[in-house]
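Asks: Protein sequences appear in the order of chains A and B. Numbering that gives the first Met the number 0 applies: residue 0 is where the first sequence begins, and numbers increase by one. Numbering that gives the first Met the number 0 applies: residue 0 is where the second sequence begins, and numbers increase by one. One structure, pasted below without further comment.
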Amino acid sequence: MSRAYPYRRPPADVVATGPWLRVTGDSLEELPLDLPDWDYETILHLRRPLRVDGFRARQACGLSPDSAVTLTVVWAAANSSLRGQAWQGSLPALDGAELQIDFDLPGDELGGRLDLETSLILRAAGTGSSATAPSRPGSVLWREVHSVMLQGDAVLFPLAIVDFEQVRYPSGAAWHLELSEDLDSQALGSILLLANKRRPVVVGALENAADPSDADRLVLSTVQSEVIRSLVERAVVDKDFDPTHDYATGTVGALLASVLRATFPDRDLDALRRERQHEPILFTTRLQNATGLLAGA
Amino acid sequence: MSVAELTEPTVDERDGRVVLAQRFAVSGPGPVLLRARLSVGLGERGREDDAPVGAARPEILYWDNGVGLRRTEDCVVDSPSEIELVVLPVPDTITDIVVSGARAEEVAAS
C-alpha cells in the first residue's frame, strides 16, 4: 500500500538532525534509549542541534520563500496519554540554518515511553505558492520521532506520604495502594501508593530509594513485593478483568495485564484463579517467589 | 503475474487539478486486469474502509500506459508493461492506494 499526502513534501535530507542531548548540571551527554534512574521528580533538560535547509524545503514543497514554517517539538507520554508542545522556533528561508532545540520537561506528567516528535510545520503559505504546495496552517512537511523509555522496566507509582490518622485507612498500616475500579481509566491518574507518615522506617526507605542502605533494601523489597501482590490479587479477583482484552496503552487494565505477564509468564489467569481459591497459602508463597521477596537484600 | 510499485505517489498538477500520480510495473503471464483500491488514510490509525454516507472519496482519474488514457475503474494491460495511475484525492486528506492484478482471462471465465 502507498500513502500519499495531499501536498508536496520535501526530501528527508533537508533536515540534518543531531543527537538528542541531556543536560545534567554542567555536563552534556547523549540521551540514552533508557533512563532507568528517572522518576517523577526528575526534570529532563534536553537539547538537540539541527541543520535545516529552509529555502530548499520551501522550494521542494512549492512554497514561496516568504512562507512561514516552524520547527516544533511535541512530547507525548505513553503512561499518561498526555502530550504537549516542548519547543518551537521559526525556520528562516535560507539553507544551512543552524538551530538548537532546548527545553525542560518536568516529570510530573511523564512516565513509561516518552516520544519526542520533531516536525516542520507550515504556519502560513506565502503569496505565489504552487497549487500543489501545502496551504493549511499546521500541515506537516517533515517529522521524526525519537522514543525514550523512562524508568526502564520498573513500575513506578505516584507516591504520597500521609498521616493515616487523617485518611480512611487503618492508622497502624505501613502503606496502602489506591487503585481505580475502572479498568479503562489511565493508570497514572488512578494509582497512588500511600505511605504512612507514622512509619518512619518505610517513609525513610522510600525517600532513599535512589541510594538505599541495607536496611532500606529490606523495606523496599517488601513494599515492591506487596505492591505486585496487590496488583496480581486485583487481577485475579476482578471478574471483569480479561488479560486477552486489548486494553488501551497506559490504562489500569493494561497495567494489570503487564504485571501479570511479568510476574507469571508461564501461567494463565484461570489457573491462578483456581489456585488462589483452593490453595491460597501456596498462591501467596508463589507470589513471594515470583517477586523475589528479600532476594537481593 | 505481479504488480510492483515503481514510484511513490507524487502530488502533481494536471489540467489545473491537483492529482496524485504513481507508476506501476506489471510482469508475468498476461494480459492483466488491474484494480485500484483507494481510501482516505487516517494517519497512523489505518484507513477509512467504510466512509460515512455522502463523504467524498478519492477517485481514479485515469490509467496511462503511454499509448492512451483509460478513464475506467479497472484496466486491462499487456504484460510486461508499465502504467501510471492518476488519482483525484479528497482535498486536505491522506490517500491510501493499493493496486492489485489478476489474469484477465481467469477473471473473464469466473
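Ideal placement from N, C-alpha and C gives every residue a C-beta, glycine not left out.
(1) Determine the direct distance from the alpha carbon of H175 of chain A to that of P18 of chain A, and round the result to whole angstroms.
(2) Determine, using beta carbons only, whether T250 of chain A and Q185 of chain A come nearer to each other than 8 Å.
(3) Helix, strand or coil: how does DSSP classify D272 of chain A here?
(4) Is the shortest distance between the beta-carbon of G100 of chain B and the beta-carbons of chain A less than 8 Å?
(5) Tell me Q21 of chain B's beta-bridge partners as DSSP assigns them.
(6) Output, in sequence order along the chain, the residues in the region 29 to 52 of chain A whose CB is closer than 7 Å to any CB in chain B.
(7) For P57 of chain B, count the other beta carbons within 10 Å of its own beta carbon; 16 or more makes it buried, fewer makes it exposed. Which is it?
(8) If I follow the unbroken alpha helix (DSSP H) through R228 of chain A, where does it start and stop?
(9) Looking only at its chain, what residues have a beta carbon closer than 7 Å to the beta carbon of R36 of chain B, apart from the 5 residues adjacent to it on each side?
(10) Give every residue of the same chain whose Cβ lies closer than 7 Å to the Cβ of R122 of chain A, excluding the five residues on either side of it in the sequence, and list them in chain order.
(11) How many angstroms separate the CA atom of P10 of chain A from the CA atom of I120 of chain A?
(12) Using DSSP's beta-bridge definition, name the partner residues of I280 of chain A.
(13) Leaving out five residues on either side along the sequence, give the residues of the same chain with a beta carbon under 7 Å from the beta carbon of Q287 of chain A.
(14) If distances are taken between C-alpha atoms only, which option among A:R82, A:R55 and A:F102 comes closest to P301 of chain A?
(15) Going along the chain, which residues of its own chain have a beta-carbon closer than 7 Å to the beta-carbon of R275 of chain A, five neighbours each way excluded?
(16) Quick one: what's S1 of chain B bridged to in DSSP?
Replies: Well, looking at it:
(1) 42 Å
(2) yes
(3) Here the sequence assigns Arg to residue 272 of chain A, which means Asp is not the residue at that position. Looking at R272 of chain A - three-state DSSP - the assignment turns out to be helix.
(4) no
(5) B:L84
(6) none
(7) buried
(8) D213 to V236
(9) V97
(10) A67, V68, T69 and P136
(11) 14 Å
(12) The partner list for I280 of chain A (beta bridge, DSSP) is empty, contrary to what the question assumes.
(13) S224
(14) Past the boundaries of the shown model lies residue 301 of chain A; chain A is included only from 0 to 296, so the question cannot be answered.
(15) V235 and F282
(16) B:S26
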